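In terms of our numbering, the sequence shown is residues 63 to 265.
All residues carry an ideal CB built from backbone N, CA and C; glycine is no exception.
Since the model is a prediction, treat every value here as computed from it, not as a measurement.
Encoded as structure tokens, the structure appears first; notes follow it.
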Amino acid sequence: MSNIAIIGASGEVGSRIVKELSNRHHQITAISRHPENIPSLPGVTVLKADLLNIDDIVPHLRGHDVVVSAVKFNDTEAKHIIDVVKKSGVPRYLVVGGAGSLEVKPGLRLIDTPEFPKAYKAEANKGADFLDEIQKETELNWTFLSPSALFGPGERTGQFRLGKDTLLTSDNGSHISYEDYAVALVDEIETPQHPRQRFTVGY
63 MSNIAIIGAS GEVGSRIVKE LSNRHHQITA ISRHPENIPS LPGVTVLKAD LLNIDDIVPH
123 LRGHDVVVSA VKFNDTEAKH IIDVVKKSGV PRYLVVGGAG SLEVKPGLRL IDTPEFPKAY
183 KAEANKGADF LDEIQKETEL NWTFLSPSAL FGPGERTGQF RLGKDTLLTS DNGSHISYED
243 YAVALVDEIE TPQHPRQRFT VGY
């Protein structure tokens, strides 16, 4: 059992991660600007804190084994949140990443293909910049988990594939549910396989 802090715990992905961690009997500190949206679950302590205020957020992270960031990239800056985690002294940091920086073929990222939706491009670019920034990090033991191209609510099947820097596709396209993404991320927390690496999950 680990003591885990989740920033952005009330969001679509963060809430699924909180539930998965609770189901596996971890102790969770669920941090959000909107704590009223976090359901009451076993092992979960809910806190309201502002990620943009270092003096506010850092004390809430200290003493945990792991920090998970499920915050939208447009809502923060990579250097800021990395600095927050480093100042907290927490040894492991997992990031809910994006799919845009995954390669569809050598040298071509998903975000750079003509088909990539313009509506998601700003967030995807910030996610790619975040990955670039964290890959320079040598102090933190970080892991960046990218979903597949289609990422939304669905079932928890526990059946999926893992990859590294290439978009996973199948006959049904490229997709993963929030619920199975949460399974893959919590698996990585419990049995680390990708220290200082990006990996991806898909069907």
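Going by DSSP, residue 77 is part of the alpha helix (DSSP H) stretching over 74 to 85. Scanning 63, 159, 105, 148 for the CA closest to the CA of residue 70 turns up 159. By the 16-neighbour rule on beta-carbons within 10 angstroms, residue 237 is buried. For residue 189, the enclosing alpha helix (DSSP H) covers residues 183 to 196. Taking residue 119 as the centre and dropping the five residues before and after it, the same chain places the C-beta of 111, 112, 113, 146 closer than 7 Å to its C-beta, in chain order. In this structure, residue 223 lies away from residue 169, with their beta-carbon atoms at least 8 Å apart. If you draw a straight line from the Cα of residue 94 to the Cα of residue 122, it comes to about 11 Å.
For residue 126, the secondary structure class from DSSP, reduced to helix, strand or coil, is coil. Sorting 105, 101, 233, 210 by C-alpha distance to the C-alpha of residue 90 places 105 at the top.
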